[in-house]
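Visitor: Sequential numbering from 387 applies to the sequence shown in our numbering. Even glycine gets a Cβ: it sits at the ideal position worked out from N, Cα and C. Would you mind keeping the following structure in view while I ask a few things?
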Amino acid sequence: MTPHSTSVGIALALLTFFPVMTVRAQSARDYLNTPVNAATMFVDLIGSNSETAAESDLPLPNTEAVGHHGAATFLWSFPLCDRYAGVGVTGSYARVKVTGPSGEISTSGFGDPSITFHANIFGSPALRRDQFAQAVPQTFSSFHLTVNAPLGSYDRSSPVNAGANRWAFYPLVNLSITPDKGVSWIDLYAGARFFTNNNAFRGNNQLSQNPLVTLSAFYSHNIGERMFVGIGVSYDHGGETYNNHIPQHDAADGFRPGVSLSRKRTIWKYPLTLRYELTGTTPRAGPRNSLLSIRVSGPLF
């Protein structure tokens with residue numbers, strides 16, 4: 387079970403314009419089980435690009451934000467009621483550059499760390515490493531809860547920050563269906579992200595945000611014994627932000643198609659996964675959002 391896609395919280399004066407960026411969409415096979423009583427490491431390198439429309443009625447129209455993020459996750463898996471469970475801890479570092487009509491501003495710093503709890507609802511039982519290789523993959527469902535703590539780099543006088551200065555909670559349920567014993571998978575995800583207020587937004591202003599709902603569906607298929615490709619789409623809805631209770635008219639309501647490619651034993655015998663996401667339709671607040679990520683993962687012990 388890999389942790390949910392790393393959530394790198396970028397709080398901008400511009401966070402109001404890019405609510406979708408506060409949570410990254412899922413992709414194919416994000417939560418396949420791993421052996422219990424084992425530790426796994428995940429390293430993600432992420433590049434993102436978001437824009438506001440020139441005709442937007444938001445305070446900073448025609449603005450582009452480019453981010454480069456690195457994140458590391460440590461996952462410990464264990465049996466819970468004879469089923470798979472795990473706890474993952476993630477830390478990240480981000481560089482963000484924002485370019486608009488009034489010039490360019492950039493920053494770098496640590497993102498808000500997160501902890502994720504995983505637990506299978508039904509499906510395959512918890513398996514030790516010596517049992518795992520012989521097990522036949524089967525359909526399963528699991529629940530995941532991620533909590534982001536406001537411990538990242540934040541300066542209330544800066545319009546661009548790597549930390550969000552607020553708590554965020556992200557419950558998610560996945561249903562992963564395999565009709566052919568793991569050769570292909572259909573992954574369905576439903577999650578919602580909830581936020582507390584940031585009371586130090588650009589000074590002493592208050593930034594608040596409605597819940598952001600994300601629904602995703604992916605299909606993936608094996609190519610040989612060491613590789614798979616996946617394709618799917620995510621739908622984002624809600625997440626409108628408020629500056630001192632004034633609505634910013636930036637709610638998400640659009641689709642993000644995505645593709646992924648994963649190959650085992652490519653870098654130091656660890657699996658390598660490439661992922662690309664691109665906004666299909668969005669409101670005026672964000673006509674184009676794209677994301678490219680590289681993930682390397684593998685057992686520690």
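Between the Cα of A457 and those of A471, G472, D468 and D430, spot the shortest distance and give me the residue it belongs to.
Guide: Translated into the one-based positions of the sequence shown, residue 457 becomes position 71. With distances taken between Cα atoms, A457 lies closest to D430.
Visitor: Does DSSP classify D516 as helix, strand or coil?
Guide: Along the sequence shown, one-based indexing puts residue 516 at 130. In this structure, D516 counts as helix in the three-state DSSP scheme.
Visitor: Would you mind listing the alpha helix (DSSP H) stretches within the region 564-592 that are 4+ residues and don't spill past its ends, in chain order?
Guide: Within the region 564-592, no complete alpha helix (DSSP H) run reaches 4 residues.
Visitor: Return the residue from the list R649, N675, S648 and R469 that minimises the CA-CA distance to S640.
Guide: Sequence index remark: in the sequence shown, residue 640 carries index 254 (1-based). It is Gly, not Ser, that sits at residue 640 in the sequence shown. Residue N675 is the option with its Cα nearest to G640.
Visitor: Using a Cβ-Cβ cutoff of less than 7 Å, which residues in the same chain neighbour A512 once the five nearest sequence positions on both sides are dropped?
Guide: Along the sequence shown, read from residue 1 onward, the residue named residue 512 stands at position 126. Contacts found: V422, P465, D468, R469 and Y470.
Visitor: Which same chain residues, not among the five before or five after K650, have their C-beta less than 6 Å away from its C-beta?
Guide: As a first step, residue 650 must be located in the sequence shown, where it is residue number 264. So the qualifying residues of the chain are R612 and P657.
Visitor: Just the Cα atoms here: how many angstroms apart are G486 and N435?
Guide: Counting from one through the sequence shown, the residue named residue 486 turns up at place 100. Counting from one through the sequence shown, the residue named residue 435 turns up at place 49. Taking the straight line joining both Cα atoms gives about 13 Å.
Visitor: Which residues share a DSSP beta bridge with W553?
Guide: Sequence index remark: in the sequence shown, residue 553 carries index 167 (1-based). In the DSSP output, where bridge partners are listed per residue, W553 has none listed.
Visitor: Apart from the five residues on each side of it in sequence, which residues of its chain come closer than 7 Å, Cβ to Cβ, to L561?
Guide: One-based indexing of the sequence shown puts residue 561 at position 175. Same-chain partners within the cutoff: S527 and L574.
Visitor: By DSSP's criteria, L537 is part of a beta bridge. Which residues make up the other side?
Guide: What you label residue 537 is simply residue 151 of the sequence shown in a count that begins at 1. According to DSSP, which records beta bridges pairwise, L537 is partnered with nothing at all.
Visitor: Where does R612 fall in DSSP's three states?
Guide: Along the sequence shown, read from residue 1 onward, the residue named residue 612 stands at position 226. Looking at R612 - three-state DSSP - the assignment turns out to be coil, as it is neither helix nor strand.
Visitor: Using the beta-carbon count (16 or more within 10 Å), is F508 buried or exposed?
Guide: Taking the first residue of the sequence shown as 1, we reach residue 508 at position 122. Label assigned to F508: exposed.
Visitor: Please say whether A637 and G616 have beta carbons closer to each other than 7 Å?
Guide: Position 230 of the sequence shown holds residue 616. Position 251 of the sequence shown holds residue 637. In this structure, A637 does not lie closer than 7 Å to G616 by Cβ.
Visitor: Return the CA-CA distance between S442 and A451, expressed in angstroms with no decimal places.
Guide: In the sequence shown, residue 442 corresponds to position 56, counting from 1. In the sequence shown, residue 451 corresponds to position 65, counting from 1. At S442 the pLDDT is 37, less than 50, meaning the model places this residue with poor confidence and gives no usable figure here.
Visitor: Can you name the start and end residues of the beta strand (DSSP E) that E663 belongs to?
Guide: Start at 1 with the first residue of the sequence shown, and residue 663 comes out as number 277. Where E663 is concerned, the enclosing beta strand (DSSP E) stretches over Y656 to L664.
Visitor: Provide the residue(s) that pair with A458 in DSSP beta bridges, ordered along the chain.
Guide: Taking the sequence shown and counting its residues from 1, one reaches residue 458 at position 72. DSSP, once it has assigned bridges, lists V429 and G477 as partnering A458.
Visitor: Please classify R661: is it buried, with 16 or more other beta-carbons within 10 angstroms of its beta-carbon, or exposed?
Guide: In the sequence shown, the residue the question calls residue 661 occupies position 275. The residue is buried, with at least 16 neighbouring Cβ atoms inside 10 Å.
Visitor: With C-beta atoms as the reference, is T564 less than 7 Å away from Q595?
Guide: Counting from one through the sequence shown, the residue named residue 564 turns up at place 178. Counting from one through the sequence shown, the residue named residue 595 turns up at place 209. Going by C-beta atoms, T564 is not nearer than 7 Å to Q595.
Visitor: In whole angstroms, give me the CA-to-CA distance for V619 and F604.
Guide: Taking the first residue of the sequence shown as position 1, residue 619 is located at position 233. Taking the first residue of the sequence shown as position 1, residue 604 is located at position 218. Taking the straight line from one Cα to the other gives about 7 Å.
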